[in-house]
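Heads up: the sequence shown begins at 3 in my numbering, then just goes up one per residue. Even for Gly, the Cβ is constructed at its ideal location relative to N, Cα and C. Each remark here refers to the structure printed beneath this line.
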Amino acid sequence: MNGSIVYSNINFLVSLKGANVVDRKNMLRNVTPRQLSAIGRVASLVVDGSANALRRDAEIFRRKRLALRCLASDRTSFARKKRLVSTNHTLVPVLLRIDYVIRAILREVGSDGEA
3 MNGSIVYSNI NFLVSLKGAN VVDRKNMLRN VTPRQLSAIG RVASLVVDGS ANALRRDAEI
63 FRRKRLALRC LASDRTSFAR KKRLVSTNHT LVPVLLRIDY VIRAILREVG SDGEA
């Protein structure tokens, strides 16, 4: 678990998901590159289809697919990702549902979670 970016930032991700709108905006304004990378790892699961989107989330992910692709990309700069997350702050709590985060952690440590 030491090598997992998502697991090392789990406290930030949980507090970000549970925060109200004003607090979430403030947290995203002061996000670090590793924290943003953790959000990007979860987004990459959704983009490549490794995590099946819940029915209630599928429509949101379909509408915000450009933002998800940019967050998941390694070639997108930190400043652009930070700007995307700040403007699409309503996408973050949906993206950080616990089943997506757990799948991201399992993927990083090398387990596919099908036991």
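Cutoff 7 Å; reference residue i; Cβ partners in own chain excluding five residues on either side
| i | result |
| --- | --- |
| Leu-98 | Leu-15, Leu-18, Lys-19, Val-44 |
| Leu-70 | Ala-45, Val-48, Val-49, Phe-63 |
Cβ neighbours of residue i in the same chain (closer than 8 Å, five flanking residues each side left out)
| i | result |
| --- | --- |
| Val-24 | none |
| Val-8 | Leu-15, Ala-40, Arg-43, Val-44, Val-103, Ala-106, Ile-107, Glu-110 |
Boundaries (first-last residue) of the alpha helix (DSSP H) holding residue i
| i | result |
| --- | --- |
| Thr-89 | 80-89 |
| Leu-73 | 67-74 |
| Val-33 | Element bounds for Val-33: n/a, residue is neither H nor E. |
| Gly-20 | 12-20 |
| Leu-56 | Looking at the DSSP string, Leu-56 is not in any alpha helix (DSSP H), and its letter there is neither H nor E. |
| Leu-97 | 93-97 |
| Arg-105 | 100-111 |
6 Å CB neighbourhood of residue i in its chain, flanking five on each side removed
| i | result |
| --- | --- |
| Asn-87 | According to the sequence provided, residue 87 is Val. The question's Asn does not apply to it. Contacts found: Leu-30. |
| Thr-78 | Cys-72 |
| Pro-35 | Phe-80 |
8 Å contact criterion, which residue i and residue j should meet: CB distance rounded
| i | j | result |
| --- | --- | --- |
| Ser-52 | Ala-74 | Wrong, their Cβ atoms sit about 11 Å apart, outside the cutoff. |
| Asp-59 | Val-96 | 5 Å |
* Tell me, please, whether the region 73-86 touches the region 100-111 by the rule of three or more beta-carbon pairs shorter than 8 Å. => Not touching, per the Cβ criterion.
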